[in-house]
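Contents: one structure, followed by commentary.
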Amino acid sequence: MIYETSAGGVIIYKGKVLVVRNRFGNWVFPKGHIEAGENAEQAALREVEEEVGLKAKIREAIGQTHYQFTSGGILRDKTVHWFLMDVANPIYSLNRREGFVEAAFAPVEEAQALLAHDNDRLLLENIADKIKTEELEQSMKLTTILFDLDGTLIDTRKLVVASFQHTFKKVLNIEVTAQDVLQDYGRPLTYTFGRYTQDPATVDEMLRVYREHNVIYHDSITEAFPLVYEDVLQLHQAGFRLGIVTSKKRPVVLMGVRLFDLEHFFEVYVCEEDTKKHKPGPEPILEALKQMKVKPEETIYVGDSPYDILSAKAAGVYSAAVIWSNFPETTWQELKPDLILSRLNELEEYLI
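Be aware that the sequence shown starts at 128, since it is given in my numbering, and climbs by one per residue.
See below:
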């Protein structure tokens, strides 16, 4: 067995990855042997320049791949050292004497589909999130931030659970758990109550009882999320236009923002009574865009529930989920919001 060592580069430019097709029809990353007197970094940079004519800059080492193959009847064991690279100029020039016939800067998903070898696909998978984040940072230029209210800006979870439990016990004589309540957190009340009764009069009575309880106990049970006031103030001072899009009625919405001195930050409030259809459909967000006269591509909607993310995607705006949500991390892995925020002020870097 012969042991060989090579080095290569995963080259990115504006969130896309360079892949090259060799004479055998396989899409790969550029790589080659480490020559005498070279270290792995030097070899990787030289091979990239020789094979695709790009002067790259190494950002960081991203691991090794290892495989065996037979050539000339001899078993060979190869280790490849890989480096993440940037280029200032993406114009490549293929060296056909090296056996390459085609190249392309491709989005991550497309590159993963093209790559011929499992090792290369796994290598790219391990850095895919980093590349996608950079692509998003370069493409997302925002003027406007729309927020959900409950669970995003103010913590009403205890209030919501208490009001639901009171309503179900009083009207339907049903005991519901906090888990029962929170699975519909963020949906309009009529939707949730309609899952338990088809009688319109009963739904109306449940709405009355719920809202009465909610108003009475609102200020004593509602809590502030840490640093939300400071972050909203920072975003407002940075120049963002801010609005609220919620499934709640306007009077209770205003109670919430006034309780924590947030009211003066927001230009627009789109509440339950302002649209015929509600989240997870696009209508509430589209109404906010209409009132503010802004474009979807310069707007992000920040929320804490799957319905918020689905509504944002349906409306064609960017989406962000907050980590203090009731929902497990797997929810966001499935829905893939554009951003997951640990602080609201992280949005400042996307200001136009």
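Glycine included, each C-beta is placed from N, C-alpha and C at the ideal position.
Practice problem: To the nearest angstrom, report how far apart residue 316 and residue 333 are at their CA atoms. | Solution: Here residue 316 refers to the residue found at position 189 of the sequence shown. Here residue 333 refers to the residue found at position 206 of the sequence shown. Going from the Cα of residue 316 to the Cα of residue 333 covers about 9 Å.
Self-check item: Residue nearest to residue 382 in terms of C-alpha spacing, selected from 277, 173, 166 and 231
Solution: On the sequence shown, residue 382 is found 255 positions in, with the first residue counted as 1. Among 277, 173, 166 and 231, the Cα nearest to that of residue 382 belongs to 277.
Quiz item: Which residue's Cα is closest to the Cα of residue 219: 177, 207 and 234?
Solution: In the sequence shown, counting from the first residue as 1, residue 219 sits at position 92. Nearest of 177, 207 and 234 to residue 219, Cα basis: 177.
Quiz item: On the premise that residue 221 lies in contact with residue 137, defined as a C-beta separation below 8 Å, what is that separation, rounded to the nearest angstrom?
Solution: In the sequence shown, residue 137 corresponds to position 10, counting from 1. In the sequence shown, residue 221 corresponds to position 94, counting from 1. Their Cβ separation, rounded to whole angstroms, is 17 Å, which puts residue 137 and residue 221 out of contact at 8 Å.
Quiz prompt | Residues of its chain near residue 433, where Cβ-Cβ distance is below 7 Å and the 5 sequence neighbours each way are ignored | solution = For the purposes of this step, residue 433 is taken as residue 306 along the sequence shown, with counting starting at 1. Contacts found: 454, 458 and 462.
Quiz item: Touching or not, the region 251 to 263 and the region 345 to 363, by the rule of three or more beta carbon pairs under 8 Å?
Solution: no
Quiz item: Which of helix, strand or coil does DSSP assign to residue 290?
Solution: For the purposes of this step, residue 290 is taken as residue 163 along the sequence shown, with counting starting at 1. Helix.
Quiz item: Using DSSP with H/G/I as helix, E/B as strand and the rest coil, what is residue 187?
Solution: By one-based count along the sequence shown, residue 187 stands at place 60. Looking at residue 187 - three-state DSSP - the assignment turns out to be strand.
Quiz prompt | Residues bridged to residue 84 [DSSP beta-bridge criterion] | solution = Any answer about residue 84 is impossible in this case: the structure gives the chain only from 128 up to 479.
Quiz prompt | Closest by C-alpha distance to residue 426, when choosing among 385, 179 and 372 | solution = As a position in the sequence shown, residue 426 is number 299, starting the count at 1. Comparing Cα positions, the closest option is 372.
Quiz prompt | Environment of residue 380 [buried if 16+ CB atoms lie within 10 Å] | solution = Position 253 of the sequence shown, counted from the start, is the residue given in the question as residue 380. Label assigned to residue 380: buried.
Quiz item: Is the distance from the Cβ of residue 428 to the Cβ of residue 444 below 7 Å?
Solution: Here residue 428 refers to the residue found at position 301 when the sequence shown is read from its first residue. Here residue 444 refers to the residue found at position 317 when the sequence shown is read from its first residue. A contact, by the Cβ cut-off of 7 Å.
Self-check item: Continuous alpha helix (DSSP H) stretch holding residue 248: start and end
Solution: One-based indexing of the sequence shown puts residue 248 at position 121. Start and end: 245 to 266.
Practice problem: Could you name the residues of the same chain whose beta carbon sits closer than 8 Å to that of residue 230, not counting the 5 residues immediately before and after it, in chain order? | Solution: Locating residue 230 in the sequence shown gives position 103, where the first residue counts as 1. Excluding residues within five positions, the ones whose Cβ falls inside 8 Å are 145, 146, 147, 148, 179, 219 and 221.
Self-check item: Reference residue 346, options 415, 385, 168 and 403, closest by Cα
Solution: If you number the sequence shown from 1, residue 346 lands on position 219. Out of 415, 385, 168 and 403, 385 has the C-alpha closest to the C-alpha of residue 346.
Exercise. Please determine, among 181, 289, 312 and 228, the residue with the shortest C-alpha to C-alpha distance to residue 151.
Key: The residue you call residue 151 lines up with position 24 of the sequence shown. Ranking 181, 289, 312 and 228 by Cα distance to residue 151 puts 228 first.
Practice problem: Could you round the C-beta distance between residue 299 and residue 323 to whole angstroms and report it? I think they count as a contact, below 8 Å. | Solution: In the sequence shown, counting from the first residue as 1, residue 299 sits at position 172. In the sequence shown, counting from the first residue as 1, residue 323 sits at position 196. 6 Å between Cβ atoms; contact.
Quiz item: residue 209 bridges to which residues according to DSSP?
Solution: Stepping through the sequence shown from its first residue, residue 209 is reached at position 82. In DSSP, residue 209 forms a bridge with 135 and 190.
Quiz item: Where does residue 313 land, buried or exposed, given buried means 16+ other C-beta within 10 angstroms?
Solution: Here residue 313 is taken as the residue at index 186 of the sequence shown, counted from 1. It is buried - the Cβ of residue 313 has at least 16 other Cβ atoms within 10 Å.
Quiz item: In terms of residue numbering, what span does the alpha helix (DSSP H) encompassing residue 405 cover?
Solution: Counting from 1 along the sequence shown, the entry for residue 405 is found at position 278. Here residue 405 belongs to no alpha helix (DSSP H), and DSSP marks it neither H nor E.
Practice problem: Would you list the residues sitting across from residue 454 in a DSSP beta bridge? | Solution: As a first step, residue 454 is located in the sequence shown; it is residue number 327 there, counting from the start. Per DSSP, none; premise fails for residue 454.
Quiz item: So who's on the other strand from residue 154, going by DSSP bridges?
Solution: Working through the sequence shown from its first residue, we reach residue 154 at position 27. Its beta-bridge partners are 148 and 242.
Self-check item: Coil, strand or helix - residue 311 by DSSP
Solution: Here residue 311 refers to the residue found at position 184 of the sequence shown. Coil, per DSSP.
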